[in-house]
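Below is one structure, written out as structure tokens, with a few remarks after it.
Number of protein chains: 2
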Amino acid sequence: MPAPTLKEKAYQEMKKLLLTGEIKPGDFLSERTLVERLDMSRTPIRSALDRLELDGFIKQSPQQGIVVQELSINKAAEIYELRKALESFVVNKLSNMELTKQQRSIIEENLSLQKRYVEENDIPQFTLKDAEFHHQLITFADNEEIIDINEQIQDRLNLIAVKVFKLDDQRIIVSYDDHKEIFEHILKGQGEKAAAKMTEHLEYGRRILMP
Amino acid sequence: MPAPTLKEKAYQEMKKLLLTGEIKPGDFLSERTLVERLDMSRTPIRSALDRLELDGFIKQSPQQGIVVQELSINKAAEIYELRKALESFVVNKLSNMELTKQQRSIIEENLSLQKRYVEENDIPQFTLKDAEFHHQLITFADNEEIIDINEQIQDRLNLIAVKVFKLDDQRIIVSYDDHKEIFEHILKGQGEKAAAKMTEHLEYGRRILMP
DNA sequence: TATACCTCACTGGTATGCCAGTTGTATATA
DNA sequence: TATATACAACTGGCATACCAGTGAGGTATA
């Protein structure tokens with residue numbers, strides 16, 4: 374639970390505006406416009422803008438203005454590549470440790486829901502469970518640095534995740550099968566196989582973005 | 374070249390203070406003392422503090438104060454693990470692409486300097502070339518996301534890199550051999566071997582920190 | 001008309017004053 | 001003396017006034 378400071382609130386609200394598309398890439402912002410929009414002074418807003426710039430959402434130029442950055446296809450592909458590096462490592466590590474009963478059942482329940490949403494062809498719900506699946510595995514690997522990075526890229530990823538599935542309706546079926554296979558490899562302690570499958574899985578997503 | 378703003382200067386100077394040890398973990402800071410120390414107003418200093426907090430160097434608590442965070446052994450080990458994930462991926466990727474002549478000669482020159490410093494047992498210089506070696510490889514992999522992460526962890530790493538070599542004088546010899554072998558694998562297109570060696574190389578560093 | 005220039009409204013950057021919350025200490029009270 | 005309380009000296013959070021730089025539009029000039 375972050376401190377209920379205005380600067381935190383500003384950051385969250387502005388990110389929400391970005392993720393919901395109310396503020397789109399290419400838009401020009403100004404601190405003073407945001408003052409009216411968020412009903413707070415420039416100080417917390419500036420802090421939030423600094424963070425958003427570090428996150429890569431916007432770009433500030435002294436004496437000029439603030440531009441909302443495009444999440445280019447190229448950038449998205451880079452993120453997928455980063456995920457390949459992190460998550461293949463993660464599943465490999467998990468294969469060499471013993472998952473707790475609780476952890477196993479969390480994944481199992483997640484997978485059964487994935488299966489259901491595949492059958493119902495419920496893409497939005499599946500997308501949520503997909504993200505949760507990856508997120509859980511990363512959490513289990515118990516490395517705060519990696520967890521933090523994952524959270525940093527998660528939001529930008531949300532901007533494109535829907536696109537991946539929109540571009541290919543069969544994707545969620547394959548995705549589910551991949552997830553299941555990865556988890557089975559982990560349980561059997563087959564780190565190399567789990568990593569390879571995860572790499573392939575994410576490579577698929579990356580390719581869709583880069584025709 | 375970043376804009377020569379005060380907030381950028383504040384960030385750089387404060388990071389320098391942290392890296393040189395003038396400000397040590399456990400120290401208590403306050404915005405107002407830093408105002409005198411850096412001779413600027415609270416505004417750019419607050420901005421810099423926000424960044425340093427995101428970097429993990431300090432922790433701010435509203436109405437209380439600022440504490441310089443300890444880079445725990447555990448945290449350092451996490452960073453090494455993150456490096457394993459990123460850099461094994463990087464060298465694997467490099468093995469599957471063609472390095473330019475220029476890139477090859479950059480590494481070759483770096484390696485020859487490494488060799489020289491090993492022979493002279495010049496640990497500080499070797500440490501620099503070591504960091505440069507890893508940095509260059511990451512740069513060649515041409516993924517801005519990964520490059521950014523590497524830069525973020527680089528500074529924290531510097532706080533412990535010296536320690537790794539201090540704990541084991543034979544380390545730089547082995548390190549050099551590892552580097553050389555990794556590069557040879559890359560040139561031969563042996564991605565798996567390069568990645569495995571890199572993993573082993575970094576695992577060695579991690580283990581030294583965690584007896 | 002074409003061009004040079006000037007003005008003015010805007011930008012983010014910076015300095016600073018005030019606020020509420022926290023904490024250690026000195027004082028009043030039992 | 002032990003404890004409760006009040007106060008004072010801090011903290012970071014926030015609002016805001018002012019600054020220099022920028023760029024667009026109008027105006028004066030050729």
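Listed in order, the protein sequences are those of chains D and V.
Residue numbers for the first sequence follow my numbering, so the first one is 374 and each next one is one higher.
Residue numbers for the second sequence follow my numbering, so the first one is 374 and each next one is one higher.
Even for Gly, the Cβ is constructed at its ideal location relative to N, Cα and C.
Quick caveat, the model's predicted, so the values are computed rather than measured.
Runs of the alpha helix (DSSP H) lying entirely within the stretch 436–479 of chain D and spanning at least 4 residues, in chain order: 446–468.
Each of V:I396, V:L392, V:E386 was checked against the Cα of M413 of chain V, and the nearest Cα belongs to V:E386.
Within the stretch 568–584 of chain V, no residue has its Cβ closer than 8 Å to any Cβ of chain D. Taking every protein chain shown into account, the CB of N531 of chain D has fewer than 16 other CB atoms within 10 angstroms, so this residue is exposed. Assignment of K553 of chain D by DSSP, reduced to helix, strand and coil, places it in the helix class. Taking a contact to require three or more Cβ pairs closer than 8 Å, the stretch 455–469 of chain V and the stretch 415–423 of chain V do not qualify as touching. Against chain V, a Cβ distance below 9 Å from A383 of chain D picks out nothing, because the smallest value is about 12 Å.
Rounded to the nearest whole angstrom, the C-alpha separation of H558 of chain D and K566 of chain D is 6 Å. As a beta-bridge residue in DSSP terms, S434 of chain D pairs with D:G438. Residues Y490 of the same chain have their beta carbon placed closer than 6 Å to that of Q498 of chain D, with the five preceding and five following residues left out of the count. A Cβ of chain V is located within less than 8 Å of the beta carbon of P435 of chain D. Residue-level contact by beta carbon holds for N516 of chain V and chain D, with a gap shorter than 8 Å. Around the beta carbon of I452 of chain V, 16 or more other beta carbons sit within 10 angstroms, so the residue counts as buried. Inter-segment contact for the stretch 396–409 of chain V and the stretch 437–447 of chain V is present: three or more beta-carbon pairs are separated by less than 8 Å. Contacts with chain D at 8 Å (Cβ-Cβ) do not include D528 of chain V. A Cβ of chain D is located within less than 8 Å of the beta carbon of S420 of chain V. Closest in C-alpha terms to M470 of chain D, from the list D:F506, D:H574, D:F513, D:L422, comes D:F513.
Residues are counted here when their Cβ sits less than 7 Å from a Cβ of chain V; for the stretch 457–485 of chain D these are K457, A458, L459, F462, given in chain order. Judged by DSSP secondary structure, D503 of chain D falls within the alpha helix (DSSP H) whose first and last residues are 496–513. When rounded, the separation of the alpha-carbon atoms in D428 of chain D and D528 of chain D is 9 Å. Beta-bridge partners assigned by DSSP to L402 of chain D: D:I439. Neighbours of E454 of chain V in chain D, taken as residues whose beta carbon is under 7 Å from its own, are N516 in chain order.
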